[in-house]
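What follows is a single structure, written as C-alpha cells, with notes after it.
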Ligand SMILES: Cc1cc2nc3c(=O)[nH]c(=O)nc-3n(C[C@H](O)[C@H](O)[C@H](O)COP(=O)(O)OP(=O)(O)OC[C@H]3O[C@@H](n4cnc5c(N)ncnc54)[C@H](O)[C@@H]3O)c2cc1C
Ligand code: SF4
Ligand code: FES
Ligand code: FES
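Residue numbers (the working numbering), protein chains in the order written: chain R, 15 to 344; chain F, 800 to 970.
This is how it looks when you write it as C-alpha cells:
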C-alpha cells in the first residue's frame, strides 16, 4: 500500500472542495471495499477524504411520502429501520442478504452503491483487466465466468455489479443525490451505474469529487408487496449468482403495477423493463410471470461459463412473482 | 503520512501516532500489543479480527485506525476483566466450541455483538417476518454468525455455546 494523506471532512462543502483539489483523491466511508483495494494494490490514491463522520447518517420522511436515506447510514441500520422493514421489505431483505453483520456495521449507503466488481481478475493486479488497466484486455473472456454478466456486457468487460442493496433501489426508482463542485444534482438510480461499453473503467456517471449525500426512495402504494431473492453458492455470506427484487401491485387478479430488477447479471442493477411492460394489465398468474421473464431474458448473451444464469434468473423471477401474487391473494 | 489518534481499548485510553495506512487490527496487535483479535485473511472474509467498536461488532482489518480516532474498542481480551470469564467465553469452554482457537476471540466478540442486535429486535436474512420479534433459533444463530469462519469446523459446538448463553440469560 503506498502512503496517502488523510483528511477528515468537517462538512459536505469541505469534503467536496478537498476531494476536487486533487485528481486522485478518494472518499473513505466504511472502508470495507476501499481499504481492501488499497491493500490489493487495485487503487492508490494520494489522499483519502474521510466522510464517515459527516452528519448525513439519518433516515427521514420526505414531504411526498417517500424516504431520504443519508449516504452515511450504515447498511445494518438501514436494514433494521422500522420504516424500511415495514414499507420497503425488499430493501431490508437485500441488505440482510449482503456481506456479514460485521461488514454491514461499517458499510454505508454511499459506499455500497460505489463498491466495485468482485471479478477475480479485476481483484488480481497480476492479470489483465480493462476495468483496472484500460487496454490490457479482459481475462474473463477466456477465464472463469461463473460470476459474470449475461446482459448488457461488451467485448471489453463482462463484469457484474455486486451490490444487493442497489437491486431493490433500481426497482424502486430511487434517486441518488449528489453534491459536486458545481452544485447539487439528482440522478435516477437506474442511470447512475453504467454499462461497460468501451469504457469499463467507469462504473458510474459520478464525476471526480462528486459526493453522494443521500438516496431518495419514492413512496410505494400500501397494497404493493415486495420481495428480494438471492441465489448464491452457499446459504450465507456469498455474493449473488443471480438476484431478483420485485414489487407487485395486484387488484382483482390483474397486475396494476410491477417493478422488477435483477442483480448478478449485468454491469449495473438490471431494471427489467421488458418484463414489466409484458406484465402490466396481465393476469397475475404463473404463466404471465413466465412469459415476462422470457421476454426479459430473450436478449441475454451469456458466456459459456455464465449460461446457467439465464435459466436461474428466469426461474428465480417466476418464483418471486408467483410468491408475491399468492401472498397478495391471501 | 502519520496522525495522532486516541483509542480507548478494553477500558484503557491510549494516545498513539499511526501511519495513516494502519488498520485498526494492526494498531491493536502491533502497536498496543493486544493480540486477541486475529488476522485470518485481512480482507473482511473470515471474521477472526472481529472486535466491538462502540459496542457494535466490526471487522477490524478493513477499518483504518485513523478513521476511528476517539473510538471505544472492546476485544475478546477486554470481555474478561480480571479472572472472571464473560458468560460467552465460559460457554465456549463448557461446550468445547473450538479446537485450535484461532477464530475464537473473533467468534466470542461476534456472539456478544449478535446478542445485543437480537435484543434490539434486528431481523436477519432468515427471519420470516421482518417486523416481528426475533427468536434465536439454531438457524438464526448460524445465519447471524456466518461472518465468522472456523477452519477447524467447530460450528456445531459454537451454536451450542450460544444456546448455553441464551439459557443462562433467560429469566
Ligand atoms: C467479504 C465481503 C463480502 C461482501 N459481501 C457482499 C454481498 O454479499 N453483497 C453486497 O452487496 N456487498 C457485499 N460486500 C461489499 C460491501 O457491501 C461493500 O464493501 C460496502 O457496502 C462498501 O461500503 P463502505 O462504506 O465500506 O465503502 P468504502 O469502502 O468506504 O468506499 C467504497 C467506494 O465508495 C466511495 N464512497 C464512499 N462513500 C461515498 C460517498 N458518500 N460519496 C462518494 N463516494 C463515496 C469510496 O471513495 C470508494 O470508492 C462484501 C464485502 C466483503 C469485504
Ligand atoms: S470482466 Fe471486466 S473486470 Fe473482469 S477482467 Fe474483464 S474487464 Fe476486468
Ligand atoms: S482478518 Fe478481518 S475478516 Fe479476516
Ligand atoms: S477453532 Fe480453529 S479455526 Fe476455529
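Note that CB positions come from ideal geometry on N, CA and C, so glycine has one too. These numbers come from a predicted model, not from an experiment.
If you draw a straight line from the alpha carbon of residue i to that of residue j, how long is it in whole angstroms?
i	j	result
residue 962/F	residue 891/F	10 Å
residue 301/R	residue 48/R	44 Å
residue 345/R	residue 19/R	Beyond the ends of chain R as shown, which are 15 and 344, falls residue 345/R; an answer cannot be given.
residue 947/F	residue 902/F	7 Å
residue 808/F	residue 837/F	16 Å
residue 964/F	residue 887/F	6 Å
residue 955/F	residue 102/R	34 Å
residue 130/R	residue 80/R	28 Å
residue 144/R	residue 133/R	12 Å
residue 285/R	residue 204/R	7 Å
residue 839/F	residue 124/R	27 Å
residue 338/R	residue 247/R	24 Å
residue 313/R	residue 176/R	21 Å
residue 97/R	residue 304/R	32 Å
residue 281/R	residue 138/R	19 Å
residue 72/R	residue 893/F	42 Å
residue 283/R	residue 823/F	33 Å
residue 851/F	residue 184/R	33 Å
residue 942/F	residue 918/F	16 Å
residue 239/R	residue 182/R	13 Å
residue 293/R	residue 336/R	12 Å
residue 938/F	residue 932/F	15 Å
residue 259/R	residue 99/R	15 Å
residue 75/R	residue 201/R	19 Å
residue 949/F	residue 899/F	9 Å
residue 178/R	residue 110/R	9 Å
So, helix, strand or coil for residue i, using DSSP?
i	result
residue 24/R	coil
residue 76/R	coil
residue 813/F	strand
residue 277/R	strand
residue 10/R	Lying before the first or after the last residue shown, residue 10/R is absent from chain R, which here runs from 15 to 344.
residue 69/R	coil
residue 98/R	helix
residue 318/R	helix
residue 175/R	coil
residue 265/R	strand
residue 818/F	strand
residue 187/R	coil
residue 118/R	helix
residue 962/F	helix
residue 41/R	strand
residue 342/R	helix
residue 164/R	coil
Residues in the same chain with beta-carbon distance under 7 Å from residue i, minus the five sequence neighbours each way, listed in chain order, please.
i	result
residue 119/R	88 and 90
residue 814/F	803 and 805
residue 317/R	159, 162 and 172
Does the Cβ of residue i have 16 or more other Cβ atoms within 10 Å, making it buried, or fewer, making it exposed?
i	result
residue 46/R	buried
residue 834/F	exposed
residue 828/F	buried
residue 64/R	buried
residue 867/F	buried
residue 196/R	exposed
residue 21/R	buried
residue 16/R	exposed
residue 266/R	exposed
residue 854/F	exposed
residue 231/R	buried
residue 35/R	exposed
residue 845/F	buried
residue 906/F	buried
Got a sec? Which residues, its chain only, sit under 8 Å from residue i by beta carbon, not counting five neighbours each side?
i	result
residue 40/R	33, 48, 57, 59, 61, 62 and 63
If contact means a Cβ-Cβ distance below 7 Å, which residues of the segment 151–183 of chain R contact chain F? Taken residue by residue, none of the segment 151–183 of chain R has a beta-carbon sitting less than 7 Å from a beta-carbon on chain F.
Give me the subset of the segment 813–846 of chain F whose CB atoms are less than 8 Å from a CB atom of chain R, sorted by chain position. Hits within the stretch, in order: 818, 819, 820, 822, 841, 842, 843 and 846.
Just by C-beta distance, which residues in the segment 205–237 of chain R are closer than 7 Å to chain F? Answer in chain order: no residues at all.
Give, in chain order, every residue of the segment 85–108 of chain R whose Cβ lies closer than 8 Å to some Cβ of chain F. Taking 8 Å as the Cβ-Cβ cut-off against chain F, the residues of the segment 85–108 of chain R that qualify are 90, 93, 94, 96, 99, 100, 103, 106 and 107.
Proximal residues, the segment 110–123 of chain R versus chain F, C-beta separation under 7 Å: Hits within the stretch, in order: 110, 111, 114, 115, 116, 117, 119 and 120.
Please enumerate, following chain order, all residues with a beta carbon closer than 6 Å to at least one heavy atom belonging to ligand 5. Absent from the structure shown: ligand 5. Ligands present: ligand 1, ligand 2, ligand 3 and ligand 4.
Of the residues that make up the segment 28–45 of chain R, which ones have a beta carbon closer than 7 Å to any beta carbon in chain F? Residues passing the 7 Å Cβ filter: 42 and 45.
Check each residue of the segment 852–865 of chain F: if its Cβ is closer than 7 Å to any Cβ of chain R, include it; give the result in chain order. Residues of the segment 852–865 of chain F with a Cβ closer than 7 Å to any Cβ of chain R, in chain order: 855, 856, 857, 858, 861, 862, 863 and 865.
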